[in-house]
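Before any comments, here is the structure.
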Ligand SMILES: [Zn+2]
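In our numbering, the protein residues as written are 77 to 538.
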């Protein structure tokens with residue numbers, strides 16, 4: 077498959093060199109619930125991973141940031157973990173455990189596959205110290221009152237990922253640089269100014285790792301010096317990923333990742349998502365409003381991962397309906413029993429679907445092909461052979477989209493009620509047949525009369 081590489085600003089083919097594709101995705105900072113903006117990134121990454129898995133083995137590492145992610149990207153402000161602890165009057169460790177659990181529960185609801193390795197920053201302090209020491213040995217670091225810093229002027233290509241204008245950054249730098257030599261320099265290790273809940277000994281003094289060094293150390297520990305794909309939200313481009321590249325490549329002399337993949341933002345009703353303004357939803361909040369996690373997953377997949385996506389509750393409702401349409405289509409195909417040959421048009425739709433996914437995970441185009449197939453099939457398909465082909469296709473596509481609902485069943489009694497009702501309709505007793513329809517609706521079973529018979533479903537259009 078081809079994937080757009082932010083670094084080269086072009087699409088690249090994935091998995092050319094080896095059978096195994098190594099993916100690192102930046103995980104959550106576990107100081108609060110994930111919001112729909114965070115979740116969009118994880119869903120998009122999961123969709124892409126599942127597309128790759130059709131043809132390759134995938135080794136996927138995701139981190140849990142449970143220390144060192146400061147409120148400000150410029151290495152100032154409080155550690156988000158300690159902030160969460162203060163807010164909830166718990167220890168930073170309790171906060172980390174609680175929100176890690178919440179995050180994993182969200183992932184499961186969204187059908188996001190677990191990574192091969194899920195690693196906590198606090199379990200890898202030794203590896204981080206080792207990486208900082210090797211950068212020190214190579215002359216990339218300097219000490220300030222505040223900690224150990226990376227000297228970005230020593231890394232030739234600094235800022236290339238974001239096409240950062242270094243001169244401009246230097247000229248526009250704020251007066252308060254602390255002890256930093258360049259505006260873009262960043263902390264590898266920060267000293268504890270006062271006693272912290274999370275702190276460790278290091279060759280430079282008691283303190284904690286910088287957020288960026290965490291990802292580099294863990295990614296390289298589990299995946300080696302060069303990854304195939306490093307992924308995250310576009311907000312990671314100018315600082316976090318830029319710094320990950322500088323420190324990793326300075327330490328190894330090798331390219332850190334062949335492809336940098338970034339997922340665009342979500343807007344909420346046209347506005348930027350902001351935690352401080354309360355302008356966001358969590359997955360649980362959407363569920364409380366009666367939406368399913370599957371609908372949110374589908375909504376994410378219905379726009380391209382590199383396009384900004386405007387989230388609205390109406391859009392989510394449409395997604396819920398689209399899921400119903402796909403599942404009705406799937407069920408209808410299972411009922412077709414006619415003879416006849418396979419319709420050739422089906423494989424054309426199928427081809428279009430997979431080609432779209434292989435081309436930079438173009439999920440909206442793929443879904444377009446799927447709905448094209450559904451419209452065509454609902455009108456023209458009545459042979460079991462064709463229907464079988466469509467069923468297989470939908471089950472295959474489901475491995476990427478996760479849109480099929482688990483089998484729904486009705487009791488024998490309910491099935492008999494439907495049969496009775498059909499007899500009544502045939503004999504023209506519409507009053508009695510309508511009574512049965514109402515009774516079934518009270519049980520959450522909805523009927524649809526079609527020329528080939530009556531179908532039931534367990535949902536109603538919202
Ligand atoms: Zn990261």
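For glycine and all other residues, C-beta sits at the position ideal for the given N, C-alpha and C.
query: In the DSSP output, what is residue 524 paired with across the bridge?; result: 531
query: Work out the CA separation of residue 320 and residue 576 for me, nearest whole Å.; result: Residue numbering for the chain in the displayed model covers 77 to 538; residue 576 lies beyond these limits and cannot be assessed.
query: Is residue 287 near ligand 1, with its Cβ less than 8 Å from a heavy atom?; result: yes
query: What's the C-alpha gap between residue 505 and residue 498?; result: 10 Å
query: Cβ of residue 139 within 8 Å of any heavy atom in ligand 1?; result: yes
query: Could you check if residue 291 belongs to the surroundings of ligand 1, using beta carbon to heavy atom distance under 8 Å?; result: yes
query: Once the 5 residues before and after residue 78 are set aside, which same chain residues still bring their CB inside 8 Å of it?; result: 87, 88, 89, 90, 434, 435 and 436
query: Helix or strand or just coil, what does DSSP make of residue 83?; result: coil
query: Could you check if residue 144 belongs to the surroundings of ligand 1, using beta carbon to heavy atom distance under 8 Å?; result: no
query: Go to residue 430, then tell me how far its alpha helix (DSSP H) extends in each direction, as first and last residue.; result: 420-434
query: Note down the Cα distance separating residue 98 from residue 522, rounded to an integer number of angstroms.; result: 47 Å
query: In angstroms with no decimal places, state the Cα-to-Cα distance between residue 538 and residue 389.; result: Note that residue 538 scores 48 on pLDDT, short of 50, meaning its location in the model is unreliable; the coordinates nonetheless yield the value given after this. Rounded to whole angstroms, residue 538 to residue 389 spans 12 Å at the Cα level.
query: For residue 78, write down the residues that DSSP places opposite it in a beta bridge.; result: 89 and 435
query: Residue 195 to residue 307, Cα distance in whole Å?; result: 16 Å
query: CB of residue 317 to nearest heavy atom of ligand 1: below 8 Å?; result: yes
query: Just checking: is the beta-carbon of residue 184 within a distance shorter than 9 Å of some beta-carbon in chain D?; result: Here there is only one protein chain, and chain D is not present.
query: Would you tell me roughly how many angstroms separate the C-alpha atoms of residue 265 and residue 121, rounded to the nearest one?; result: 29 Å
query: If you drop the 5 nearest sequence neighbours on each side, which residues of the same chain put their C-beta closer than 6 Å to that of residue 385?; result: 342 and 379
query: Distance check for residue 216 and residue 326, CA to CA, integer angstroms please.; result: 8 Å
query: Considering only heavy atoms of ligand 1, does any lie closer than 8 Å to the CB of residue 136?; result: no
query: Taking the straight line between their C-alpha atoms, what separation do you get for residue 102 and residue 114?; result: 11 Å
query: Taking one C-beta from the region 126-136 and one from the region 179-195 each time, how about it: are there three or more such pairs within less than 8 Å?; result: yes
query: With which residues is residue 96 paired in a DSSP beta bridge?; result: 133
query: I'd like to check one pair, residue 311 with residue 334: are the Cβ atoms closer than 9 Å?; result: no
query: Beta carbon of residue 267, beta carbon of residue 282: below 9 Å?; result: yes
query: Can you tell me whether DSSP reads residue 335 as helix, strand or coil?; result: strand
query: Using only CA atoms, which one of 132, 182 and 492 lies nearest to residue 118?; result: 182
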